[in-house]
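Quick note on this note's numbering: the sequence shown kicks off at 1 and runs consecutively.
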Amino acid sequence: MLSTMQDVPLTVTRILTHGMTIHGKSQVTTWTGEPEPHRASFAEIGTRAIRLAHALRDELGIDGDQRVATLMWNNSFHVEAYLAIPAMGAVLHTLNLRLPAEQLVWIVNHADDKVVIVNGSVLPLFAPLLPRMPSVEHVVVAGPGDRSLLDGVAPRVHDYEELIAGRPTTFDWPEIDERSAAAMCYTSGTTGDPKGVVYSHRSIYLHSMQVNATESMGLTDADTTLAVVPQFHVLSWGLPHAAFMSGVNMLMPDRFLQPVPLAEMIERERPTHAAAVPTIWQGLLAEVTARPRDLTSMARVTIGGAACPPSLMEAYDKLGVRLCHAWGMTETSPLGTMANPPAGLSAEEEWPYRVTQGRFPAGVEGRLVGPGGEHLPWDNESAGELEVRGPWIAGAYYGGVDGENLRPEDKFSQDGWLKTGDVGVISPDGFLTLTDRAKDVIKSGGEWISSVELENAIMAHPDVAEAAVVAVPDDKWGERPLATVVLKEGAVVGFENLRTFLAESGVAKWQLPERWTVIEAVPKTSVGKFDKKVIRKRHADGELDVTVVV
Ligand code: ADP
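Here it is as structure tokens:
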């Protein structure tokens, strides 16, 4: 029997139209480095998005599913692009401006980008690469910057404001199949080559609803979210589209991502929510410890992208800011789990839930698979690789213009689930705890040591600012952990002390690292995660001064 319900496609077009009318007064505030930030209402942003769509179609010839790329910070221009490009049936391709030049060029060519909208401030990085991007026919420059850098290297250059000025304020949007491509992001390649993930209108729509759900970020038009997580990193964890759906005000830091301006924007604009990777919160913590600021408006923070050390959560609890741990990947849109504890618990009872990666929302199913391919029980003890499926989880990677989409065996199971490459356990009530990335886990004498657990234990020491643990070859055990430690300013502490501290905090004796080194900073990837590839290489090249303590 067929249902009697209307079959209305779930599209970004609906999100745009809804946000600019029903939530027309909500605002996007962008930091500019000037005394006053830039402010625009959803109604204004929606109208400008419509004008941008006209410009892209009538002036630049985008009339189908061509890729329109963005190389931009988090700001209101970028929000306009997020709405206009998918709504007109084209594909928004967000480019990560922190990638090495080679990867950026490779990605633009692979995606066959026709137009690049770029912030003026990013031109010094972008202009020299353009001659190697033959598919790019138009460059649109938004915001201040030296446009002369494009002389002689860009086919056609447009100024964003001039391009959209005076264009119509309504658009006869095309009928879009909700399963068609709306946006694409390449994985940041922490553990391999970048791979293209293509989101559909439907996946973005459903994901946005889940982001706003009370059991996830629980945002409404009473909230202002500080979106530190870049718009080029998994669509800013879905926040801009989710915000337009529920009228959530947005505070956008543009390129001012350093601890001092972040502290200033929080104190001045008083966001109620924020989202960023642990590195950002570590940096901000050091700043507000040195020069106290009022962060209390920001009652809730979504933290993910890498494991959040429990010590960081405790430190923010003391500042009146509650970090809520979330797990996801480019392939999962990214919301995969969120660590809101079950109802009715005391603060003490909540703690063991808060330090997990969280539980799956209704749209995401998870399972654990053991080394022999067997499905493992949810007993909080059996560790295996996490596999997930759901309407906003990737089922393939983009294969290129003439290629078929790719389903590599190491990334997708026979029955179509995504193999996440993350190893962990799940509790009987569905809370996921990741112990490591499959590629980072230390395989010592047939047993696994979690690099993340060791890092968390070391980072709990009061003299330690950051710590990264990697596997290094060992004649006897195959692999052993190497602890690389960044000490807090002025701190002096012996490795013996750190080892004793770990033993006392419950790390099993056979897991205690023998190899230690102090480094100045943990190398980070383009999206601020620990770059263990670099540490392993430095060790292999003999660049690290390792002390052995037993
Ligand atoms: P990349 O794989 O290139 O780093 P992603 O941004 O897609 O790009 O990263 C996804 C990965 O980040 C996950 O597979 C997982 O290993 C890690 N990750 C994300 N959130 C968390 C978290 N809360 N705890 C631990 N690891 C996390």
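Cβ atoms here follow ideal geometry from the backbone N, Cα and C, with glycine treated the same way. All figures in this text were calculated on a predicted structure; none of them were measured in a lab.
Residue i - containing alpha helix (DSSP H), residue span
i	result
Thr551	Because residue 551 is not part of the residues shown, which for the chain are 1 to 550, the question remains open.
Lys532	532-540
Glu560	Past the boundaries of the shown model lies residue 560; the chain is included only from 1 to 550, so the question cannot be answered.
His78	76-87
Pro261	259-269
Arg202	201-212
Asn109	101-111
Gln282	278-290
Ser236	234-237
Thr21	12-22
Leu312	310-318
Phe42	42-54
Glu161	160-164
Phe126	123-126
C-alpha distance - residue i paired with residue j, whole-angstrom precision
i	j	result
Glu162	Glu59	12 Å
Val425	Ala299	29 Å
Asp379	Ser427	5 Å
Gly363	Trp392	8 Å
Arg167	Arg57	11 Å
Gly395	Arg407	7 Å
Thr170	Leu83	14 Å
Val153	Thr4	56 Å
Thr47	Thr224	21 Å
Leu512	Thr435	16 Å
Tyr186	Val105	12 Å
Tyr160	Val140	6 Å
Gly400	Gly542	39 Å
His273	Val79	18 Å
Leu123	Val534	28 Å
Thr289	Ser505	25 Å
Arg147	Glu34	20 Å
Tyr316	Met184	34 Å
Ile458	Ala101	34 Å
Lys443	Ala383	14 Å
Thr500	Glu385	31 Å
Glu381	Leu368	11 Å
Asp415	Gly370	16 Å
Top-ranked residue by Cα proximity to residue i, from the options
i	options	result
Arg255	Phe501, His539, Trp31, Gln6	Trp31
Asn405	His110, Tyr82, Thr4	His110
Asp429	Arg293, Tyr199, Pro377, Gly445	Pro377
Arg156	Gly143, Ile176, Glu175, Ser135	Ser135
Asp545	Leu104, Glu520, Lys532, Lys488	Glu520
Gly283	Arg268, Thr302, Ala263, Arg270	Ala263
Ile39	Lys476, Asn75, Val140	First, the residue type needs correcting, since residue 39 is Arg and not Ile in the sequence shown. The shortest Cα separation from Arg39 among Lys476, Asn75, Val140 belongs to Asn75.
Val486	Pro144, Gly320, Leu345, Ala465	Ala465
Pro473	Arg536, Gly421, Ser526	Arg536
Phe77	Thr21, Ser121, Ala142, Asp112	Ala142
His241	Leu206, Tyr353, Pro253	Leu206
Pro309	Glu455, Lys529, Pro144	Glu455
Ala81	Leu16, Pro523, Ser333	Leu16
Cutoff 8 Å: residue i Cβ touching any chain D Cβ
i	result
Ile50	Reference to chain D is not applicable here, since this structure consists of a single protein chain.
Continuous beta strand (DSSP E) stretch holding residue i: start and end
i	result
Glu348	Run containing Glu348: none in the beta strand (DSSP E); it sits in the alpha helix (DSSP H), 347-354.
Glu387	384-389
Pro473	464-474
Gly424	418-426
Ala326	322-327
Tyr398	Per DSSP, Tyr398 belongs to no beta strand (DSSP E) and is neither H nor E.
Kindly confirm or deny that the stretch 9-28 and the stretch 42-52 touch, where touching means at least three C-beta pairs closer than 8 Å. yes
At least three beta-carbon pairs within less than 8 Å, the stretch 59-71 to the stretch 93-110: yes
Count the CB pairs spanning the stretch 195-202 and the stretch 173-182 that are closer than 8 Å, and state whether there are at least three. yes
Say whether the stretch 225-245 touches the stretch 266-274, bearing in mind that this needs 3 or more beta-carbon pairs closer than 8 Å, one atom from each stretch. yes
Would you say the stretch 485-499 touches the stretch 452-464, given that touching needs at least three Cβ pairs under 8 Å? yes
Counting pairs of beta carbons, one from the stretch 412-420 and one from the stretch 446-453, are three or more of them closer than 8 Å? By the Cβ rule, the stretch 412-420 does not count as touching the stretch 446-453, because fewer than three pairs are nearer than 8 Å.
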